[in-house]
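Engineer: The structure is given below, and queries will be raised subsequently.
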Amino acid sequence: MNCFAALCLVILLGPQQVAQRGPAMMAQSQPGNQTSSTGTRTPDQVIGSIIATRAPAPAQTANQPLPADAPTRDQVLTLLDLVQARQTMVAAMEDMKQIMQNGAEESFRKKVPNATPKQVEALRAMFDEITKMPLDDMINAVISIYQRHLTKTDVEELIRFYSSPVGQKILREQPQIMRESMQAGAEIQRKRVDVIQARIKEKMDELINAEENGSAPKK
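Residues 275 to 493 (our numbering) are what the sequence shown spells out, left to right.
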């Protein structure tokens, strides 16, 4: 599984889903498992189909000229540097990697109770690859987005705010706020996944029983 494909999985499926499916994907991506002669799709082909069905269509405004009052590239870069955008991206991905890695290791150890250190290390290495980010490319993409949605005045006011004591406090507290928010969100998502899976199983059992008994399933 190449790095780009793995990163697409994180974006499209979310960290919890990647964590749950990580061990299986890692096994499928090993040499010798890229079967296609039998009709089985390779991991990258599967990812391609996911992208085709779940990724949003490109924004129509992406290639349109910038508004006349759009901020300059230097203004946006000043704002992004001031709000520590690069550091925030790195911190967010590191936390995401930890969440995915912990979930994947737990799932892997349940399936392979006697996992060797080499196997666990290979699993961790997969997440190191998944979470590599082309930061410069992402910053460049963000700049044009800011230019399309914010005016020069907007950016000037934001720079003024984040240069103030309150703005600086927000910047200092933001990493911990994000960390705690991600942890809380992950826990909520974990509980919700369990509930959804239980409801799906219950509904499927009802449908199967209804089919066998010739009666309509409960709504």
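Note that the Cβ used here is the ideal one computed from N, Cα and C, for glycine as well. All of these numbers come straight from a predicted model, not from anything done at the bench.
When we look at the beta-carbon of Met412 and count the other beta-carbons within 10 Å, is it buried (16 or more) or exposed?
Structural biologist: As a first step, residue 412 must be located in the sequence shown, where it is residue number 138. When all chains shown are included, Met412 counts as exposed.
Engineer: Give me, in chain order, the residues of the same chain whose beta-carbon lies closer than 6 Å to that of Ala344; leave out the 5 immediate sequence neighbours on both sides.
Structural biologist: As a working mapping, residue 344 is identified with position 70 in the sequence shown. Closer than 6 Å at Cβ, skipping near neighbours: Gln421.
Engineer: For the alpha helix (DSSP H) holding Leu455, just list the boundary residues, first then last.
Structural biologist: Within the sequence shown, numbered from 1, the residue matching residue 455 stands at position 181. The amino acid occupying residue 455 in the given sequence is Ser; Leu does not appear at that position. Taken as a continuous stretch (DSSP letters only), the alpha helix (DSSP H) holding Ser455 covers Pro439 to Asn487.
Engineer: Tell me which residues share the same chain as Val496 and place their Cβ nearer than 7 Å to its Cβ, disregarding the 5 neighbours each side in the sequence.
Structural biologist: This structure gives no information on residue 496, because the portion of the chain shown stretches from 275 to 493.
Engineer: Buried or exposed, going by whether 16 or more other CB atoms sit within 10 Å of the CB of Gln471?
Structural biologist: Along the sequence shown, one-based indexing puts residue 471 at 197. With a threshold of 16 other beta carbon atoms within 10 Å, Gln471 falls short and is exposed.
Engineer: Any heavy atom of the ligand NAD closer than 7 Å to the CB of Leu409?
Structural biologist: Questions concerning the ligand NAD fall outside what the structure shown contains, since it holds no ligand whatsoever.
Engineer: For Ala415, count the other beta carbons within 10 Å of its own beta carbon; 16 or more makes it buried, fewer makes it exposed. Which is it?
Structural biologist: Counting from 1 along the sequence shown, the entry for residue 415 is found at position 141. It is exposed - the Cβ of Ala415 has fewer than 16 other Cβ atoms within 10 Å.
Engineer: Tell whether a beta-carbon distance below 8 Å holds between Gln450 and Thr362.
Structural biologist: Translated into positions along the sequence shown, residue 450 becomes position 176. Translated into positions along the sequence shown, residue 362 becomes position 88. The answer is no: Cβ separation not under 8 Å.
Engineer: Counting pairs of beta carbons, one from the region 384 to 395 and one from the region 472 to 484, are three or more of them closer than 8 Å?
Structural biologist: no
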